[in-house]
DNA sequence: CTAGTCACTCGCACACTGTACGACAAACCC
DNA sequence: GGGTTTGTCGTACAGTGTGCGAGTGACTAG
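Chains as they are written, first to last, in the working numbering: chain A, 38 to 271; chain B, 38 to 271.
As structure tokens, then:
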């Protein structure tokens, strides 16, 4: 007996310093978070990994596939509480906050997520855990799905809009305060004869952008959950 | 008298066969609707208009600016009923349906709309009319803005998700039925040990995709509006 | 020890992108 | 008729995703 399977498998593991799909996905995630979709190119990604550009194509079929993988990774970051722990309503609230936080951490997501369906393992697992949560609430059959996707859609919608503003600020190269006051000034001129917009503008202009977004988010989510609660089977 | 001012101005009007910004925007809209963002290139657009590629840059500063213009055009297609006509609640319902229909007509929108803020004339006018509508409901000061953006976010969220599925089907080259049954089969395998997902799957599998989306949309919107209604000042 | 096979890397090339630049031309004003 | 404005467009540059085929190191069978 020259060598056991154990030593054999052990030796086969490192083999050669080599790229791995996980490595590539993680590097792509970093680039996306830092520079957005426009900042991600296969050549730059390869350079970051110290390899040739086309080497990536052995581990990943196309750039789009790579993005699919990164997207699924983000879904893995979302918490879905189990209904026993918190009850469905506060569970849904926590779920919403976790999903929103994830999207804000990955502001490139809205730009790519609507060009493909998400069927990766993390996405489906999220869906499954979501269904458990909303299933426990006691909705009628099909309302379980409707309830869950309502909440997800609402959260995506609000977070996406928030992301749009954030990227705009970042691209402008200004501070948030500068940008806000610029936009407000611009708006003031544009709507000189629009009393309704002026009122809204006055309401917004003294408030911090981030806290306003937070308040708006929980306001709408509360409303939606209120509405959902009345649909629960008595 | 050889020619009056009338004939002169008449002659001066066309001046020379020339591109116009409106023409370009409209052609870009057509291409986007038909082929999506990936199908729009300045060269192809110019060819469609029978002009040189770089000629477009006299009328439009960059491709991104052009897309901004097209986006604003789409906002112009959204109906916002006046509150006197329908009351705020059914007005909001109509608004939601109109916005959703607009997004479904322009499935490329989600892909580009979250990388920039929308401050064009049609976008701001939509915002203004929206504020009139929700302002008439009788919300407390800041809740007017919150209510409106909740509804918009929800509608965007649902419509975007719908768009994602539609594009996926289109890209697959299959019919909707083929695609659905393929995905269901794929899902069935993936979730062999997940009873919650299986229940959901069984619920979905017999239903037409489009009507399911419609039902889900009005279900969630109704819930949200129910919740909003309880926030109206008494 | 050699020959062969697999797993993986990578340089080159192709077609295509957005757009800066500067030369051109047609219409207008004086 | 000269000059200015308005508009067009060919060329060029730097960059993109990725197909192809040659190359290389590690392992296995004989």
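Even glycine gets a Cβ: it sits at the ideal position worked out from N, Cα and C. These numbers were taken from a predicted model, which means no experiment stands behind them.
Determine the DSSP secondary structure at residue i, reduced to helix, strand or coil.
| i | result |
| --- | --- |
| residue 320(A) | What the structure shows of chain A is the stretch from 38 to 271, and residue 320(A) is not part of that stretch, so it cannot be assessed. |
| residue 55(B) | coil |
| residue 109(A) | helix |
| residue 99(B) | coil |
| residue 221(A) | helix |
| residue 232(A) | helix |
| residue 115(A) | coil |
| residue 251(A) | helix |
| residue 155(B) | coil |
| residue 177(B) | coil |
| residue 212(B) | coil |
| residue 70(A) | helix |
| residue 88(A) | coil |
| residue 245(A) | coil |
Any chance the CB of residue i is under 7 Å from a heavy atom of the ligand MG?
| i | result |
| --- | --- |
| residue 245(B) | In the structure on display, the ligand MG does not appear, and there are no ligands present to speak of. |
At a Cβ threshold of 8 Å, is residue i touching chain B?
| i | result |
| --- | --- |
| residue 218(A) | no |
| residue 136(A) | no |
| residue 128(A) | no |
| residue 257(A) | yes |
| residue 66(A) | no |
| residue 193(A) | yes |
| residue 274(A) | No answer is possible for residue 274(A): it lies beyond the span of chain A, which begins at 38 and ends at 271. |
| residue 78(A) | no |
| residue 140(A) | no |
| residue 247(A) | no |
| residue 165(A) | yes |
| residue 172(A) | yes |
| residue 116(A) | no |
With distances taken between CB atoms, is the gap from residue i to residue j smaller than 8 Å?
| i | j | result |
| --- | --- | --- |
| residue 61(A) | residue 103(A) | yes |
| residue 125(A) | residue 74(A) | no |
| residue 201(A) | residue 181(B) | no |
| residue 176(A) | residue 100(A) | no |
| residue 244(B) | residue 195(B) | no |
| residue 153(B) | residue 105(B) | yes |
| residue 215(A) | residue 250(A) | no |
| residue 56(B) | residue 92(B) | yes |
| residue 187(A) | residue 257(B) | yes |
| residue 262(A) | residue 123(A) | no |
| residue 71(B) | residue 80(B) | no |
| residue 179(A) | residue 240(B) | yes |
| residue 260(A) | residue 265(B) | yes |
| residue 94(B) | residue 190(A) | no |
| residue 254(B) | residue 253(A) | no |
Sorted by chain position, which residues of the same chain lie with C-beta nearer than 6 Å to residue i's C-beta, five sequence neighbours on each side aside?
| i | result |
| --- | --- |
| residue 167(A) | 117 and 185 |
| residue 109(B) | 157, 159 and 160 |
| residue 174(A) | 125 and 269 |
| residue 221(A) | 242 |
| residue 85(B) | 64 |
| residue 147(A) | 197 and 200 |
| residue 120(B) | 128, 170 and 173 |
Who are the Cβ neighbours of residue i in its own chain at under 7 Å, not counting the five residues just before and after it?
| i | result |
| --- | --- |
| residue 65(A) | 77, 82, 103 and 107 |
| residue 8(A) | Past the edges of chain A, shown from 38 to 271, lies residue 8(A), and the structure says nothing about it. |
| residue 217(A) | 246 |
| residue 228(A) | 234 and 235 |
| residue 88(B) | 56 |
| residue 133(B) | 188, 192 and 258 |
Counting along the chain, where does the alpha helix (DSSP H) carrying residue i start and finish?
| i | result |
| --- | --- |
| residue 142(A) | 125 to 142 |
| residue 182(B) | 180 to 209 |
| residue 148(A) | 146 to 150 |
| residue 84(B) | 79 to 85 |
Got a sec: is the Cβ-Cβ distance from residue i to anything in chain A below 8 Å?
| i | result |
| --- | --- |
| residue 160(B) | no |
| residue 263(B) | yes |
| residue 275(B) | The displayed coordinates of chain B run from 38 to 271. Any statement about residue 275(B) would go beyond what the structure contains. |
| residue 175(B) | no |
| residue 251(B) | no |
| residue 347(B) | Chain B is shown only over 38 to 271; residue 347(B) falls outside these bounds and no answer can be derived. |
| residue 225(B) | no |
| residue 58(B) | no |
| residue 202(B) | yes |
| residue 228(B) | yes |
| residue 112(B) | no |
Who are the Cβ neighbours of residue i in its own chain at under 8 Å, not counting the five residues just before and after it?
| i | result |
| --- | --- |
| residue 96(B) | 56, 57, 58 and 61 |
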